[in-house]
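As structure tokens, the structure follows; a few thoughts come after it.
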Amino acid sequence: MTMQKEMFGSLELDKKIVAAITYMGFEEPSPIQAATIPLVLEGNDVIGQAQTGTGKTAAFGIPIVQAIENYKQISALIMTPTRELAIQVAEEIGNIGRNRRIKALPVYGGQPIDRQIRALKSGVQIVIGTPGRLIDHINRGTIRLDHIKFLVLDEADEMLDMGFVDDIEEIMKSLPSERQTLLFSATMPRPILSLTKKYMKAPKNVTITKEELTVPLIEQCYYETKDKVEGLCRLLDTEVDGKLIIFCRTKKGVDDLSIALSSRGYISEGLHGDLSQTQRDRVMKKFREGACDILIATDVAARGIDIDNITHVINFDIPQDPESYVHRIGRTGRAGNTGVAMTFITPREFRQLKLIERIAHTKIQRRQLPTGADVLERQRDQIINKLQTVLEINQYQDYKSITESLLDDYSAEDIAAAAIKLMQEGPKALQVQAEDEPIAMDLQNTGAKPGMVRMFVNVGRAQRITVKDIISAIAIEADIPARSIGMINIYDKFTFVEVPEEYAEKVLGVMHKNTIRGYKVNIEPAKQRR
Ligand code: ADP
Ligand code: MG
Numbered sequence: 173m174t175m176q177k178e179m180f181g182s183l184e185l186d187k188k189i190v191a192a193i194t195y196m197g198f199e200e201p202s203p204i205q206a207a208t209i210p211l212v213l214e215g216n217d218v219i220g221q222a223q224t225g226t227g228k229t230a231a232f233g234i235p236i237v238q239a240i241e242n243y244k245q246i247s248a249l250i251m252t253p254t255r256e257l258a259i260q261v262a263e264e265i266g267n268i269g270r271n272r273r274i275k276a277l278p279v280y281g282g283q284p285i286d287r288q289i290r291a292l293k294s295g296v297q298i299v300i301g302t303p304g305r306l307i308d309h310i311n312r313g314t315i316r317l318d319h320i321k322f323l324v325l326d327e328a329d330e331m332l333d334m335g336f337v338d339d340i341e342e343i344m345k346s347l348p349s350e351r352q353t354l355l356f357s358a359t360m361p362r363p364i365l366s367l368t369k370k371y372m373k374a375p376k377n378v379t380i381t382k383e384e385l386t387v388p389l390i391e392q393c394y395y396e397t398k399d400k401v402e403g404l405c406r407l408l409d410t411e412v413d414g415k416l417i418i419f420c421r422t423k424k425g426v427d428d429l430s431i432a433l434s435s436r437g438y439i440s441e442g443l444h445g446d447l448s449q450t451q452r453d454r455v456m457k458k459f460r461e462g463a464c465d466i467l468i469a470t471d472v473a474a475r476g477i478d479i480d481n482i483t484h485v486i487n488f489d490i491p492q493d494p495e496s497y498v499h500r501i502g503r504t505g506r507a508g509n510t511g512v513a514m515t516f517i518t519p520r521e522f523r524q525l526k527l528i529e530r531i532a533h534t535k536i537q538r539r540q541l542p543t544g545a546d547v548l549e550r551q552r553d554q555i556i557n558k559l560q561t562v563l564e565i566n567q568y569q570d571y572k573s574i575t576e577s578l579l580d581d582y583s584a585e586d587i588a589a590a591a592i593k594l595m596q597e598g599p600k601a602l603q604v605q606a607e608d609e610p611i612a613m614d615l616q617n618t619g620a621k622p623g624m625v626r627m628f629v630n631v632g633r634a635q636r637i638t639v640k641d642i643i644s645a646i647a648i649e650a651d652i653p654a655r656s657i658g659m660i661n662i663y664d665k666f667t668f669v670e671v672p673e674e675y676a677e678k679v680l681g682v683m684h685k686n687t688i689r690g691y692k693v694n695i696e697p698a699k700q701r702r
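Under our numbering, the first residue of the sequence shown is numbered 173, with each subsequent residue one higher.
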């Protein structure tokens, strides 16, 4: 069978595959793909080691799809640690193989086996499954191993951790010896190495080391709040304007935020993996040309988009790892422009933020969100302006009878103020709202001595906590001088402790959800004044 070839970066691949992956948004092979694909196509066994998110699925998926010739039998078996991963891998390979009409079927425990058996009979070339369910099918004879040309162990270290090692060996033993074995893992613990020695033939090693993290020199800050949507809107109403990208963790997050913003009158466009190429292009065009200033995206969807003069990157959801933080914020501050990266965290995400700071060697400044009063102050002139215009145009007579009927019970000032509130806040104005507390932690008014911050810790005498426990926990965990810790007051159920201002955030970050004498603690800036 002759196959028309086409270049994908440095790789020469089946034209149909290049078309499929281009449609998937791939522009060039990732490093692990560039290194692995030729080796697999030449017939080698390969051990691939690279971090998550580096494109390992396509690194084995592309050459396997290209190598399949016989559509009547199962040619490749892929083992994954979980059902979610099996489904994901099957989807990705299905997409890669779309134009070659390759069928990839996920099989996993928890789904009725009859359904899987029927699907298997309908003709699939690649099966992706969790080890247990694969063995089940092999024992029933519903998956035959005679024609297997490829075995892939995906996330081998995960599978090991989940105790699948015997299952994996059982499958490896019963496969035809004329086959290629590919093993992918983020780490290479000893039991995996011994598997590779026993069952792989002169494997080639491909190791992609992490790229050096270089944080762009831009302003970085974070806001801690339980109400991120409200916090975001306050920023949008005050200091944030220009072109911005807001990152969410999931597609659903993108949709939800886009809806929440539009219900509050902000126009945004969402970008995620479910959009077709045409939809993506349309969104990007609007954003690039300035018809819309707010783009909401997932990490994956934002990959490969390249736009200059983005003024703000907002991490609505904190990125899952330091790499992705650096990638995200690298989208602003390009070409010598200034940029700001803002990250929202909920109280529980404090440690994740500190981890990002540590690994990416960067400092993310804590900031207070604007208060409702700040927002109003900013908008004051605008509101007055708008109202003056309406008054001058003088076409509001239809509404006057409403004012008049209200004047019996309310003053003109109150009616006007209420109408402005309704105009500004929409339906929110119809509900009773909680007092406008600052929604971030306040390190200033903790009732401590000048230069210190007083912390509240939710353990005390009842847990037999002593002054020594507090000092050693904080000094050791947060790595600050024990001498610098100030006054400590231990009560029955809680403790107050003062730490120097300069260490306050570090202490909060490190001690949050940490333990003191085995007790899981909550620590926060104290609220009362002395
Ligand atoms: P890993 O298995 O290494 O964690 P995945 O194979 O799950 O990584 O890939 C992560 C994401 O990157 C997927 O959404 C995938 O579609 C995408 N991806 C993979 N290769 C490329 C590429 N060459 N260009 C653009 N995106 C890619
Ligand atoms: Mg993977």
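In this text, a Cβ means the ideal position worked out from N, Cα and C, and glycines have one as well.
Reduced DSSP category for residue i - H, G, I as helix; E, B as strand; rest coil
{"i": "PRO363", "result": "helix"}
{"i": "LYS244", "result": "coil"}
{"i": "ALA620", "result": "coil"}
{"i": "TYR394", "result": "strand"}
{"i": "TYR691", "result": "strand"}
{"i": "ASP399", "result": "coil"}
{"i": "GLU495", "result": "helix"}
{"i": "ILE482", "result": "coil"}
{"i": "MET334", "result": "coil"}
{"i": "ARG538", "result": "strand"}
{"i": "ASP489", "result": "coil"}
{"i": "ILE501", "result": "helix"}
{"i": "ARG702", "result": "Confidence at ARG702 is low in this model, with a pLDDT of 44, below 50, so the placement of that residue should be treated as unreliable; the coordinate-derived value is given next. In the structure shown, ARG702 sits in coil (DSSP, three-state: anything other than H, G, I, E or B)."}
{"i": "LEU602", "result": "helix"}
{"i": "THR410", "result": "coil"}
{"i": "PHE198", "result": "coil"}
{"i": "ILE315", "result": "coil"}
{"i": "LEU249", "result": "strand"}
{"i": "GLU696", "result": "strand"}
{"i": "ASN271", "result": "helix"}
{"i": "MET683", "result": "helix"}
{"i": "ASP308", "result": "helix"}
{"i": "ASP546", "result": "helix"}
Bridge partner(s) assigned by DSSP for residue i
{"i": "PRO278", "result": "ILE300"}
{"i": "ASN377", "result": "ILE219"}
{"i": "PRO440", "result": "Correcting the residue type first, residue 440 is Ser in the shown sequence and not Pro. ILE466."}
{"i": "VAL669", "result": "MET627, ILE660"}
{"i": "GLN352", "result": "PHE322"}
{"i": "SER357", "result": "GLN221"}
{"i": "ASP186", "result": "LYS177"}
{"i": "PRO388", "result": "Per DSSP, none; premise fails for PRO388."}
Element boundaries [beta strand (DSSP E), containing residue i]
{"i": "ASP326", "result": "Taken as a continuous stretch (DSSP letters only), ASP326 belongs to no beta strand (DSSP E), as it is neither H nor E."}
{"i": "MET344", "result": "Run containing MET344: none in the beta strand (DSSP E); it sits in the alpha helix (DSSP H), 337-346."}
{"i": "ILE418", "result": "416-419"}
{"i": "ALA513", "result": "512-517"}
Residue interval of the alpha helix (DSSP H) (run including residue i)
{"i": "VAL426", "result": "423-435"}
{"i": "MET372", "result": "Unbroken run through MET372: none, as it is neither H nor E."}
{"i": "LYS293", "result": "285-293"}
{"i": "GLY233", "result": "228-239"}
{"i": "ASP581", "result": "Looking at the DSSP string, ASP581 is not in any alpha helix (DSSP H), and its letter there is neither H nor E."}
{"i": "ASN267", "result": "255-268"}
{"i": "LEU206", "result": "Position check: residue 206 holds Ala in this sequence, whereas Leu was assumed. Looking at the DSSP string, the run of the alpha helix (DSSP H) that includes ALA206 is 203-213."}
{"i": "GLU529", "result": "522-531"}
{"i": "ARG471", "result": "Before going on, a small fix: residue 471 reads as Asp here, not Arg. Its alpha helix (DSSP H) spans residues 471-474."}
{"i": "ASP614", "result": "Segment: none, ASP614 is in no alpha helix (DSSP H) and carries neither H nor E."}
{"i": "ASP453", "result": "449-461"}
Whole-number beta carbon distance between residue j and residue i, since they are thought to touch under 8 Å
{"i": "LEU429", "j": "ILE468", "result": "5 Å"}
{"i": "ASP326", "j": "PRO361", "result": "In fact, because the Cβ distance is near 16 Å, the residues do not count as touching under 8 Å."}
{"i": "THR314", "j": "ILE289", "result": "5 Å"}
{"i": "GLY414", "j": "ASP465", "result": "7 Å"}
{"i": "PHE137", "j": "ALA248", "result": "In the structure displayed, the chain extends from 173 to 702; residue 137 sits before or after that span and is not available."}
{"i": "GLY445", "j": "VAL472", "result": "6 Å"}
{"i": "PRO672", "j": "GLY623", "result": "6 Å"}
{"i": "ILE695", "j": "VAL629", "result": "5 Å"}
{"i": "ILE482", "j": "ILE417", "result": "6 Å"}
{"i": "SER202", "j": "THR226", "result": "6 Å"}
{"i": "GLU264", "j": "GLY295", "result": "About 20 Å; that fails the 8 Å criterion."}
{"i": "PHE516", "j": "ASN487", "result": "6 Å"}
3 or more residues per run - each beta strand (DSSP E) lying fully within the segment 624-662: 624-629, 660-662
Secondary structure, alpha helix (DSSP H): runs of 4+ residues fully inside the segment 551-590: 569-579
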